[in-house]
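Asker: What the sequence shown shows, in the numbering used here, is residues 24 to 105, in sequence order. A single structure is presented below for examination.
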Amino acid sequence: MRRCLTDDRLERLVRGRAPWWRAFFWRRHLRGCARCQARWQAAQADEHLLAELRQAVAGPIRPSPLSTARNAQGMVSLERQG
Ligand SMILES: [Zn+2]
């Protein structure tokens, strides 16, 4: 049985920062491993939240960055429940 992906590798996959030949093997492992799939989905949700926060900080002025962060968190918890 192949070894599971490390957190670092999962993160690089989610961010698209892995070399394609590595991503190929990592994704192949993901397809066959429910545990890594769950971790990958959680990492993706975190990445979405971070992207939302970055947008809230760097983007145009919004009514309240804090409420944006709360909304993003709510979306993540909904995704995790589903
Ligand atoms: Zn695995």
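For glycine and all other residues, C-beta sits at the position ideal for the given N, C-alpha and C.
1. With a 10 Å radius around its C-beta and 16 neighbouring C-beta atoms as the bar for buried, classify Cys27 as buried or exposed.
2. Heavy atom of ligand 1 less than 7 Å from the Cβ of Leu28, yes or no?
3. Contact between the region 30-38 and the region 52-69 is defined here as three or more beta-carbon pairs at a separation below 8 Å; is this criterion met?
4. Using only the heavy atoms of ligand 1, determine whether one of them is closer than 7 Å to the beta carbon of Arg58.
5. Count the other CB atoms within 10 Å of the CB of Trp44; is the residue buried (16 or more) or exposed (fewer)?
6. In three-state DSSP terms, what is Gly55?
7. Look at Trp49 and Arg62 and say whether their C-beta atoms are less than 8 Å apart.
Answerer: By the coordinates alone:
1. Translated into positions along the sequence shown, residue 27 becomes position 4. Cys27 is exposed by the Cβ-count criterion.
2. Numbered from 1 along the sequence shown, position 5 holds the residue referred to as residue 28. Flag set: Cβ of Leu28 near ligand 1.
3. yes
4. Taking the first residue of the sequence shown as position 1, residue 58 is located at position 35. Yes, ligand 1 has a heavy atom inside 7 Å of this Cβ.
5. The count along the sequence shown starts at 1 and reaches residue 44 at position 21. Its Cβ having fewer than 16 others within 10 Å, Trp44 is exposed.
6. For this step, residue 55 is matched to residue 32 along the sequence shown. Of the three classes helix, strand and coil, the one that applies to Gly55 here is helix, per DSSP.
7. Position 26 of the sequence shown holds residue 49. Position 39 of the sequence shown holds residue 62. Annotated as distal: Trp49 and Arg62, with beta-carbon spacing of 8 Å or more.
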